[in-house]
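A short worksheet on the structure shown next.
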Amino acid sequence: MHLSFFFISAAVGSCLITALLVHCSHAFSATNNNIMTSARPFRIRTITSFITIDPSDFDNEASSLKEKIHACSRLLRDGESQMTTAGFEVQTIRIATNPFGEWLVTNNEDVNERLQRFNKLLSDCD
Numbered sequence: 379m380h381l382s383f384f385f386i387s388a389a390v391g392s393c394l395i396t397a398l399l400v401h402c403s404h405a406f407s408a409t410n411n412n413i414m415t416s417a418r419p420f421r422i423r424t425i426t427s428f429i430t431i432d433p434s435d436f437d438n439e440a441s442s443l444k445e446k447i448h449a450c451s452r453l454l455r456d457g458e459s460q461m462t463t464a465g466f467e468v469q470t471i472r473i474a475t476n477p478f479g480e481w482l483v484t485n486n487e488d489v490n491e492r493l494q495r496f497n498k499l500l501s502d503c504d
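Basically the working numbering = 1-based index in the sequence shown + 378.
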């Protein structure tokens, strides 16, 4: 078995996506005298976009946060489309954030509201 690893990164604004592509080639014997090579296309487990959220992103109806999420979503969907068109299987796409404590908890009254707003913005990108 032969394994090849490739990293692909792209940056747009505050969004960064990195894909780890793993290629496996298997040699197997159909009969004692017939050795065939079967190459499987790359299988991409996930494409991840990273964003940094600041408590101020929730100001002004979360317009700044909405812009960040939509930019990352477009980047992820475009990357997924390009990889799929090129013959790769993309299993999932996701957005990762900085730790919740840096942006979620500013006071007890905001936590539920911020989580609901964040969840709605993510759902709007589905």
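Think of the CB as a built atom: it goes at the ideal place given N, C-alpha and C, for glycine as much as any other residue.
If you're wondering where the values come from, they're calculated on a predicted model, not measured in any experiment.
Apart from the 5 residues on each side of it in sequence, Ser451 sits with its Cβ closer than 6 Å to the Cβ of Cys503 in its chain, given in chain order.
Secondary structure note for Ala474: it is in no alpha helix (DSSP H), and the uninterrupted beta strand (DSSP E) holding it is Glu467 to Thr475.
Taking every protein chain shown into account, the CB of Lys446 has 16 or more other CB atoms within 10 angstroms, so this residue is buried. Distances from the alpha-carbon of Glu480 to those of Pro433, Arg472, Ile425 and Ala449 put Pro433 closest.
Taking C-beta atoms as the reference points, Ala449 and Leu499 fail to come closer than 8 Å.
Distance from the CA of Asn490 to the CA of Ile471, rounded to the nearest whole angstrom, comes to 25 Å. Annotated as distal: Ala474 and Thr430, with beta-carbon spacing of 8 Å or more. With distances taken between CA atoms, Phe496 lies nearest to Ser442 out of Phe420, Thr424 and Ser442. Here Leu454 is buried: its Cβ has 16 or more other Cβ atoms, across all protein chains shown, within 10 Å. Thr462: member of the alpha helix (DSSP H) spanning Asp437 to Thr463, first to last residue.
Across the set Arg492, Ser459 and Leu482, the C-alpha of Ser459 shows the shortest separation from the C-alpha of Thr424.
Distance from the Cα of Phe420 is smallest, within the candidate group Val483, Gly457, Lys444 and Ala464, for Ala464.
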